[in-house]
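In my numbering, the protein residues as written are 813 to 1164. Reviewing the structure listed below.
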Amino acid sequence: TGFSPLKIKIFILQEDMDHFGDVGSLDDNVESFLSPDDGDGRDLFGSLKRNPSEHAAETSKGFSFGEVGSIRKSNSKVICCHFSSDGKLLASAGHDKKVVIWNMETLQTECTPEEHSHIITDVCFRPHSTQLATSSFDKSVRVWDASEPSYSIRTYAGHTSPVMSLDFHPKKSELFCSCDGNNEIRFWNINQYSCARVSKGGSSQVRFQPRIGHLLAAASENVVSIFDVETDRRTLLLQGHPTEVHSVCWDTNGDYLASVSQESVKVWSLASGECIHELSSSGNKFHSCVFHPSYSTLLVIGGYQSLELWNMAENKCMTIAAHECVISALAQSPQTGMVASASHDKSVKIWK
């Protein structure tokens, strides 16, 4: 079921046909506005049969996006998920206080023990490694190795309130940062147990700029701060959300940043600091987002039960039924073209 990036098909829920607008005009422009990024387009789930009931109706041509896998290994809400650099592993975690590690090639899963004493808020793989880190309400960060997940290999303490998010630097892979409910950002060296630096300005999510890692995006309440990682200086303050920012994500090149609050998604240009695209919710409460791994003008937004595929160039949206509850986190893998969605409905799904 593999396909080349330019020969793609559209799945649209029948009841959403009118909402999506003139599908014909979309098809005519599909190659011009869905510019493929690098990627081999392999479909690791080629052996899995698609369940027609889980899919939208297929039109003759265009872009495809459908569920290709699902696991329900958690007993309670899943809060976070992240792919390894090669796309072969997916980690998810949440209220269960353990990490589920899903091998994308064998479809087998393993779980870490519940060493965190409270819910896990974020999970992140170390670049080009099987190591991963977790942040928790128990005020700690733990590092694990997916090749031997039966125990954590390091614990980092120092935060004085629940740790809400973490991320690894894309180039200096020994460096990672975490933020807590007190708006404190801590920078750590994975080889040292002491904190390397403490900053202020992030309470809900931190994400390094991909590839070069020159900048750090940190969400706190209804604003997003952009910091220069080397100088620890705030270079931009992105304001405009009237309510709390739940999630931020960078595009592949690190030129644009998307921020999500319940009622809107904003896309910012880092060159100008301006909001260049905005999508207001038509009733769905937005919670998470990720840029499509192959199409740079397509943003995947997680809301309550459904995913919104927002084509920013055309300012058109397509709604796809996805989960039974809030889609708390999204992740993507440029290596495989996969998107993962984690939900409070205790499941994680894979899309392509």
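Backbone N, C-alpha and C fix where the C-beta goes; we use that ideal spot for every residue, glycine too. Small disclaimer: the values here were computed from a predicted structure and weren't measured.
Along the chain, where does the beta strand (DSSP E) containing residue i start, and where does it finish?
i	result
A1125	Here A1125 belongs to no beta strand (DSSP E), and DSSP marks it neither H nor E.
V1114	The sequence given here places Gly at residue 1114; Val does not occur at that position. That run of the beta strand (DSSP E) goes L1110 to G1114.
R966	R966 to A969
Y963	Y963 -> no beta strand (DSSP E), and no H or E assigned at all.
I891	V890 to F895
A1083	Taken as a continuous stretch (DSSP letters only), A1083 belongs to no beta strand (DSSP E), as it is neither H nor E.
I1038	V1035 to D1040
E922	T921 to C923
K1012	C1007 to K1012
G899	That residue, G899, is in no beta strand (DSSP E); it is neither H nor E in DSSP.
I931	Element bounds for I931: n/a, residue is neither H nor E.
Y1068	Y1068 to S1073
H1058	V1057 to W1062
Smallest Cα separation from residue i: which of the options?
i	options	result
K1158	F1020, S897, S904 and F875	S904
R1019	Y1068, D957 and Y1005	Y1068
Y963	T924, L1050, S941 and I1162	T924
W1122	H1135, E1136 and S1100	S1100
L1119	Y1107, E1136, A1125 and T1109	E1136
A1029	D979, T946 and V955	D979
D898	S948, S941 and R1009	S941
N995	C1007, Y968, E986 and S1037	S1037
V911	R1046, W1062 and A958	A958
H1026	T933, F877, I1139 and V1041	V1041
S886	T921, M916 and F877	T921
S985	G993, R1009 and P939	P939
L919	L901, V935 and D934	L901
Starting from the C-beta of residue i, find all residues in its chain whose C-beta is less than 6 Å away, skip the five residues before and the five after it, and write them out in chain order.
i	result
F937	H894, S896 and L944
M829	Below a pLDDT of 50, predicted positions are generally treated as unreliable, and M829, at 32, falls in that range; the measurement from the model is reported next regardless. Excluding positions up to five away in sequence, the list is empty.
H907	S888, K889 and I931
S1093	E1075
Q1144	V1102, P1105 and V1151
K1164	V880, G1149 and M1150
K1161	E879, S882 and S1153
L1048	I1038 and G1085
Would you list the residues sitting across from residue i in a DSSP beta bridge?
i	result
S1153	L1142 and K1161
S1094	None; S1094 has no bridge partner.
I883	V1160
T1131	E1120
G906	V890
Q1017	A1031
I913	A903 and E922
Tell me which same chain residues have a C-beta within less than 8 Å of the C-beta of residue i, skipping the five on either side of it?
i	result
S1073	N1034, H1053, P1054, T1055, E1056, V1057, H1058 and F1098
R966	R954, V955, I1002 and Y1005
Excluding the 5 residues flanking residue i on each side, which residues of the same chain have their C-beta closer than 7 Å to its C-beta?
i	result
T1064	D849, P1022, F1103, S1108 and P1146
D950	H928, S929 and H930
F988	A945, L978, D979, F980, H981, W1000 and I1002
R884	K1158 and S1159
S1032	N995, G1013, G1014, S1015 and S1016
Original post:
Okay, do the stretch 1042-1056 and the stretch 959-976 touch, 3+ Cβ pairs below 8 Å being the bar?
Top reply: These segments do not touch.
Original post:
Hey, is the stretch 1070-1085 in contact with the stretch 1125-1135, meaning 3+ C-beta pairs nearer than 8 Å?
Top reply: In short, these stretches do not touch, since the Cβ pair count stays below three.
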